[in-house]
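Visitor:
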Amino acid sequence: MTELPESATGSAPLLLLQQLQRLEELLILEGTKIPFTGRKLIDEEQLLTHLAQIEQAIPESVALAQRILNQRDDLLKQAQQRAQEIIRHAEQRAAQIADELRIRQQAELEAQKIRQQVQQEVELMRQRAIEEMNLLRQNTEKELAHLRQMTRHECQERQQEADTYAERTLGEMERQFKEMLAVIQNGRQYLKQHQASRSS
Numbered sequence: 130m131t132e133l134p135e136s137a138t139g140s141a142p143l144l145l146l147q148q149l150q151r152l153e154e155l156l157i158l159e160g161t162k163i164p165f166t167g168r169k170l171i172d173e174e175q176l177l178t179h180l181a182q183i184e185q186a187i188p189e190s191v192a193l194a195q196r197i198l199n200q201r202d203d204l205l206k207q208a209q210q211r212a213q214e215i216i217r218h219a220e221q222r223a224a225q226i227a228d229e230l231r232i233r234q235q236a237e238l239e240a241q242k243i244r245q246q247v248q249q250e251v252e253l254m255r256q257r258a259i260e261e262m263n264l265l266r267q268n269t270e271k272e273l274a275h276l277r278q279m280t281r282h283e284c285q286e287r288q289q290e291a292d293t294y295a296e297r298t299l300g301e302m303e304r305q306f307k308e309m310l311a312v313i314q315n316g317r318q319y320l321k322q323h324q325a326s327r328s329s
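If you count by the working numbering, then the sequence shown holds residues 130 to 329, one letter each, in order.
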């Protein structure tokens, strides 16, 4: 007979397992064999007692299992809601970044009209900055699409990855914006100095 820990006897599933093991012992190991028949005489009172205990333990085990399933469903629903909220915020932030990017591009076109005499190196730096931001925007859109797909299967893990990725992406875009603004400011300063030198 397999002994179960005493601390586990209060658990309905373990109690049910104990009763099933005890019933198995009663049917197989105990009882009096009837010669030449292959049968055994079993204590009817013990058998009925074990069956009653098993019958009592089954509803408790089923109820416990149902509670566990309900808790699991609640956790899954909460994780899915959290994942959907993260995706929604990320999409809103991506749209906001795209609007800011369009505004900056429009400002860049206006500024380009008065920067025609700026050195070729400044122009090349500006073009590289725009290309890097466009590439970063494309990568952001791809990662967001990938994130939406993965969160259906790994809600909790992808939630943390989305937070980390959003922080890193926003930091990188902030750095790129600062670099582009520095290029614009340097270009305007160069124009002012160039105009001042021609006036003098």
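Beta carbons are placed, not taken as given, at the ideal position from N, Cα and C, and that holds for glycine.
(1) Can you check whether the CB of E261 is closer than 8 Å to the CB of Y294?
(2) For H275, which option in Q200, R151, Q182 and E220 has the closest C-alpha, if you only look at C-alpha atoms?
(3) Between the alpha carbons of E239 and Y319, how many angstroms are there, rounded?
(4) Whole angstroms are fine: how far does the CA of R327 sit from the CA of T269?
(5) Just to confirm my understanding: we take K206, look at its own chain, exclude 5 residues before and 5 after, and list those with CB closer than 6 Å. What are they?
(6) Do M301 and L265 have their C-beta atoms within less than 8 Å of each other?
(7) May I ask you to report which of helix, strand or coil DSSP gives Q305?
(8) Taking just the CA atoms, how far does L193 sit from A137?
(9) Determine the DSSP secondary structure at Q314, reduced to helix, strand or coil.
(10) Report back the beta-carbon spacing between A224 and V312 to the nearest angstrom; my notes put them in contact at under 8 Å.
(11) Which value, in whole angstroms, describes the spacing of the CA atoms of R233 and Q209?
(12) Please report the straight-line C-alpha distance between N199 and H218, rounded to a whole angstrom.
(13) Between L176 and Q185, what straight-line distance do the alpha-carbon atoms span, to the nearest angstrom?
(14) Would you call the CB atoms of I197 and L149 closer than 8 Å?
(15) Which of the three DSSP states is assigned to Q182 in this structure?
(16) With DSSP as the reference, label Q234 as helix, strand or coil.
Guide: Looking at the atomic coordinates:
(1) The residue you call residue 294 lines up with position 165 of the sequence shown. The residue you call residue 261 lines up with position 132 of the sequence shown. No, Cβ-Cβ distance for Y294 and E261 is not below 8 Å.
(2) For the purposes of this step, residue 275 is identified with residue 146 of the sequence shown, where counting begins at 1. Among Q200, R151, Q182 and E220, the Cα nearest to that of H275 is on E220.
(3) Your numbering for residue 239 matches position 110 in the sequence shown. Your numbering for residue 319 matches position 190 in the sequence shown. In a straight line, the C-alpha of E239 is about 17 Å away from that of Y319.
(4) The sequence position of residue 269 within the sequence shown is 140, counting from 1. The sequence position of residue 327 within the sequence shown is 198, counting from 1. Distance between the alpha carbons of T269 and R327: 45 Å.
(5) Here residue 206 refers to the residue found at position 77 when the sequence shown is read from its first residue. Closer than 6 Å at the Cβ level, and outside the excluded window around K206, lies no residue.
(6) Taking the sequence shown and counting its residues from 1, one reaches residue 301 at position 172. Taking the sequence shown and counting its residues from 1, one reaches residue 265 at position 136. It is worth fixing the name first, because residue 301 is Glu in this sequence and not Met. Yes, the pair counts as a contact, with Cβ atoms nearer than the cut-off.
(7) One-based indexing of the sequence shown puts residue 305 at position 176. The answer is helix: DSSP assigns Q305 an H, G or I state.
(8) Here residue 137 refers to the residue found at position 8 when the sequence shown is read from its first residue. Here residue 193 refers to the residue found at position 64 when the sequence shown is read from its first residue. Residue placement at A137 is flagged as unreliable, the pLDDT there being 38, under the threshold of 50; the coordinate-derived value follows with that caveat. So the two alpha carbons sit approximately 14 Å from each other.
(9) If you number the sequence shown from 1, residue 314 lands on position 185. In the structure shown, Q314 sits in a helix (DSSP, three-state: H, G or I).
(10) Along the sequence shown, read from residue 1 onward, the residue named residue 224 stands at position 95. Along the sequence shown, read from residue 1 onward, the residue named residue 312 stands at position 183. Actually they do not touch by this definition, with Cβ atoms about 26 Å apart.
(11) Taking the sequence shown and counting its residues from 1, the one referred to as residue 233 is at position 104. Taking the sequence shown and counting its residues from 1, the one referred to as residue 209 is at position 80. The alpha-carbon atoms of R233 and Q209 are separated by roughly 36 Å.
(12) Position 70 of the sequence shown holds residue 199. Position 89 of the sequence shown holds residue 218. Rounded to the nearest angstrom, the two C-alpha atoms are 29 Å apart.
(13) Counting from 1 along the sequence shown, the entry for residue 176 is found at position 47. Counting from 1 along the sequence shown, the entry for residue 185 is found at position 56. Between L176 and Q185, the C-alpha separation is close to 14 Å.
(14) Numbered from 1 along the sequence shown, position 68 holds the residue referred to as residue 197. Numbered from 1 along the sequence shown, position 20 holds the residue referred to as residue 149. No, Cβ-Cβ distance for I197 and L149 is not below 8 Å.
(15) Indexing the sequence shown from 1 puts residue 182 at position 53. It is helical.
(16) Your numbering for residue 234 matches position 105 in the sequence shown. DSSP places Q234 in helix when its eight states are reduced to three.
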